[in-house]
Structure formats: C-alpha cells, structure tokens
Amino acid sequence: GSVQLVELRAVAMAFQRLSQVPLSLVTDSTYVADMTQCLDCSLLKEVNAALFLLLKTLWHAIQDQVHIMFCTFHPYYVLHVRSHTNLPGFITEGNARADKLANPAWVASQPDKKASHDFFHQSAYTLQKQFQLMPTEARDIVSTCADCHGFAAPLPAGVNPRGLKALQLWQTDVTHIAEFGQLKYVHVSIDTFSSAMGASAHNGEKEKGHDVIAHWRLAFVILGIPSSVKTDNGPAYISQKTWQFLHLWGVSHKFGIPHSPTDQAIVEHVHGKLKRVLDKQ
1 GSVQLVELRA
11 VAMAFQRLSQ
21 VPLSLVTDST
31 YVADMTQCLD
41 CSLLKEVNAA
51 LFLLLKTLWH
61 AIQDQVHIMF
71 CTFHPYYVLH
81 VRSHTNLPGF
91 ITEGNARADK
101 LANPAWVASQ
111 PDKKASHDFF
121 HQSAYTLQKQ
131 FQLMPTEARD
141 IVSTCADCHG
151 FAAPLPAGVN
161 PRGLKALQLW
171 QTDVTHIAEF
181 GQLKYVHVSI
191 DTFSSAMGAS
201 AHNGEKEKGH
211 DVIAHWRLAF
221 VILGIPSSVK
231 TDNGPAYISQ
241 KTWQFLHLWG
251 VSHKFGIPHS
261 PTDQAIVEHV
271 HGKLKRVLDK
281 Q
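In terms of UniProt numbering, the sequence shown opens at residue 1 and continues consecutively.
The structure is reproduced here in structure tokens:
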C-alpha cells in the first residue's frame, strides 16, 4: 500500500543520511521491520516497479551502511515496537513523538472571498474585514459583481448610522413585488454593519403588526437577534403588539424622522438590489 511505500522511503532516507555512524531503527510497522532485517542478504526481483525501485534504494543504503567490501562496518539494529501503547520508557516516548509528527495537520478550507461575495453580496468594507483584504482588492470584488454593479454606494454614516458590530443595528422596511401575487408584501431586514439581509414575503404590511412580527421571527432565526431595530413610523411598527414582541426579545426600537426620504436609505438601497436579483431568476 502507499503508506508502506512511504515508510520504506523514510527508512531509506535514514540509512542514506546516517551512513557513517551506527544506526538504531525503531518502528511500529511490522512490514518495515521485517523487510529491513532480511533485505541485506536478499535477492530482488521486479514485480512492482515502484516497490522494486524503493527496495533497491534501501538495499544500496544498507550496503553503504555496512561497507563490507571496505571493512568499515557501521552496525545497525532494527527494533519493532507496538504502536499506541502506554508502556513507559524512552523507546515508546520516541515512537509517540514520531507518530505525532507523522499525523497530517488538518487545515480548515478557507472560504473563497469571490464566492462569498457572489452569495452574500457583502459591502467592500465587510469583505476587507472578513478576509483581511486590501481596500482596493475588496472594492474590485464588489465592482465586478454583476448584481452589485451600478448601484450607488451606501450613504455616509452621518446620514444613516451603522452598527459598529454585527447584530447591533438593523433597518427594516417593506417593499412591494407584484409578481408574488397575494404575497407581494416583502419585508426586508438588513444588518447595517455586515449588510447581511433577511427577507420574507407576506400578505400584508399594516395589520396590527402580525406580518412584521412573523418576518422578524424568521429573520432572528436566519441572522440572529439584534440589539436594536430601526423602522419608519408606519402603523405596523408603532402597534402595541410590535412593541410587546420586541420588548420580549430585549430589542430596542428606534424610529426614523417622519417623511424623510433618506432616513431608511440603507434598507431601501437593498430593495432595488433584491428586485434586480429576482428579475434575473
């Protein structure tokens, strides 16, 4: 098997590097121990090309270790030990250290920044922080995205305050998508820090806050529970049921400036992006 070939290759390298000194070889591989002990006086026949080449290399390394023809004998000793034993002693401790070094180091695959943006459509700032990118590299990814291209950058923080961390501040609003029929009222919530978005279609937007609460329940599952939510002063958002729901979850509720066209600009910016994506489906 491939593991045995690797073990034989490691033994051959040990003999080649330590050919001028006595060598003690300790291994927990029965195959390697038996093969090394009997290889010195064996005749090789090629059956498997890779194995034959490896055994030939090891045979030459052992001959260099012994140097019988030049009468410069450097002894070597092969000892087989059981693996994963709790017996005390420097031999088992050394074998355990070798096993630890031989164990493959598992490295979690890093998410691809381009694929991540194609799916989540983060802002350039969020991409830069999430993947430790240069600002220009993050902006290039956003500018080359077909779904994000052509949209204006979000308004500065002074116009629409953003959260300083994820789940600190959401904006929630409703947009209408006629193609959904009775479920044309699409409630949208966006995290103002990460630009993560949750959207759900409902058959209303003002009826005592029932649809708003249903949307927030779904958004809490998808995005997490925010510290604060900012909405306009619509009837659904100022209802008693809405206040009770947010109070129950410990979420503070902020209202925007009445009749201000830019007060909910962050979430309204997302409305256009959402409709653009749906048009391409």
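Note that CB positions come from ideal geometry on N, CA and C, so glycine has one too.
Margin query: Between A98, R9, F90, R97, which has its C-alpha nearest I62's C-alpha?
Written below: R9
Next item on the list: Look up V21 in the DSSP assignment and say whether it is helix, strand or coil.
Entry: coil
Next item on the list: Using 10 angstroms around the beta-carbon of A178, count the other beta-carbons present and answer buried if the total reaches 16, otherwise exposed.
Entry: exposed
Next item on the list: Determine which residues share a DSSP beta bridge with M35 and list them.
Entry: DSSP, once it has assigned bridges, lists no residue as partnering M35.
Next item on the list: Have a look at P75, H74, E93, L223 and flag the residue whose alpha-carbon is nearest the alpha-carbon of S83.
Entry: E93
Next item on the list: Specify the secondary structure class of Y125 as computed by DSSP and reduced to three states.
Entry: helix
Check: Three-state secondary structure (DSSP) at V267?
Finding: helix
Item checked: Residue burial classification, T242 (beta-carbon count within 10 angstroms, cutoff 16) -> buried
Item checked: Sheet register partners of F255 (DSSP bridge) -> T231
Next item on the list: Would you please state the rounded distance, in angstroms, between the beta carbons of H202 and H187? I believe it to be under 8 Å.
Entry: 6 Å
Next item on the list: Return the residue from the list A138, L79, V78 that minimises the CA-CA distance to S116.
Entry: A138
Note to self: Quick check: what's the CA-CA separation for E46 versus D34?
What the structure shows: 19 Å
Check: Counting along the chain, where does the beta strand (DSSP E) carrying S200 start and finish?
Finding: 197 to 202
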